[in-house]
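Below is one structure, written out as structure tokens, with a few remarks after it.
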Ligand code: AMP
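This is the structure we're talking about:
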């Protein structure tokens, strides 16, 4: 029995990656792109897997973007497991990994801005709790999109507000790139997979399952109760001593604006972020 030979290309320089991709583009190959900050888990891998299935060349970037961390301690503590990440990516047949340095991404310094107008979409939820986070996110995604120029970008529903903002960016850039929103991959107890989960202690890890449980209850209750009641019940369920709830919002799934009744929007999503032992955990569920 022969093990299939896998060749995964690793690029660290923008110039080299661009020249490789431009040749592939000339051969009419479609390019699928999955941007990540590494410490890869099955959630990330599901995005790359989908890219492998749906595009000719799948490229995954690993770059812990300093400009999207308002808390420099969080940036320092962010898990970095590059060797393991590369093994995982190679094992599923990823074609290309992009592992740039901060200087490659920001040759003109980190204060270059992004130029997008997100209106109210970036002001609440993560925008309200992480100062400058979405500016940093937009800055790096814009730069990565310019470098990779993919046909498809694969992003997780897990970061609901983020993927909605990237969609706005693609529209404002008049880009042909399509965003593919991928489902949230969860642990057996329902906790959304996250690179930050490893920082939870044993006790907090157990309790963290209550976040997705609350969202599942909310989805059931949304069929029979008012929005106000669903929100109140959810906040009650999250009222646990170890939890500090940053927000629990029920919003229009397209505009991200808060609504007061389920009838106010065609599609509705509940988004929450809870801090447990100093670890911020995001989750959401589409209610209808
Ligand atoms: P990050 O490395 O946290 O920046 O995430 C990179 C991409 O993986 C983003 O598009 C995330 O939404 C996505 N992602 C993170 N966790 C999950 C998950 N549990 N399920 C699906 N996608 C995820």
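Residue numbers (the numbering used here): 12 to 299.
Built from N, CA and C at the ideal position, the CB exists for glycine as well.
- DSSP lists 73 as the beta-bridge partner residues of residue 47.
- DSSP, reduced to helix, strand and coil, places residue 157 within a helical segment of the structure shown.
- Per DSSP, residue 258 is one residue of the beta strand (DSSP E) stretching across 254 to 263.
- Relative to the ligand AMP, the nearest heavy atom lies less than 8 angstroms away from the CB of residue 58.
- Within a 10 Å sphere around the beta-carbon of residue 183 sit fewer than 16 other beta-carbons, which makes this residue exposed.
- Judged by the Cβ position, residue 195 qualifies as a neighbour of the ligand AMP at the 8 angstroms threshold, a heavy atom of the ligand being closer than this.
- Here residue 294 is buried: its Cβ has 16 or more other Cβ atoms, across all protein chains shown, within 10 Å.
- The criterion of a C-beta distance shorter than 9 angstroms is not satisfied by residue 151 and residue 60.
- Distance from the C-beta of residue 173 to the nearest heavy atom of the ligand AMP is below 8 angstroms.
- The alpha-carbon separation between residue 289 and residue 260 amounts to approximately 21 angstroms.
- If you check the C-beta of residue 167 against the ligand AMP, you find a heavy atom less than 8 angstroms away.
- A direct Cα-Cα distance of roughly 5 angstroms separates residue 92 from residue 50.
- When the five nearest sequence neighbours on each side are left out, no beta carbon in the same chain lies closer than 6 angstroms to the beta carbon of residue 94.
- The nearest non-hydrogen atom of the ligand AMP is less than 8 angstroms from the C-beta of residue 170.
- The DSSP-derived three-state label of residue 197 is strand.
- With 16 or more neighbouring CB atoms inside 10 Å of its own CB, residue 137 falls in the buried class.
- Annotated three-state conformation of residue 206 is helix, per DSSP.
- Per DSSP, residue 288 lies in no beta strand (DSSP E) and is assigned neither H nor E.
- The DSSP-derived three-state label of residue 167 is strand.
- Around the beta carbon of residue 154, a 10 Å sphere encloses 16 or more other beta carbons of the protein chains shown; the residue is thus reported as buried.
- Note that the C-beta distance between residue 109 and residue 190 is not below 9 angstroms.
- The C-beta distance from residue 221 to residue 249 rounds to 7 angstroms, short enough to meet the 8 angstroms contact threshold.
- Exposure of residue 200 is indicated by the presence of fewer than 16 other C-beta atoms within 10 angstroms of its C-beta.
- Taking the Cα positions, residue 147 is about 14 angstroms away from residue 47.
- Contact check between the stretch 229 to 249 and the stretch 106 to 125: fewer than three CB pairs, one atom from each, fall below 8 angstroms, which does not count as touching.
- Remark: three or more beta-carbon pairs, one from each stretch, lie closer than 8 angstroms, so the stretch 56 to 70 and the stretch 94 to 107 are flagged as touching.
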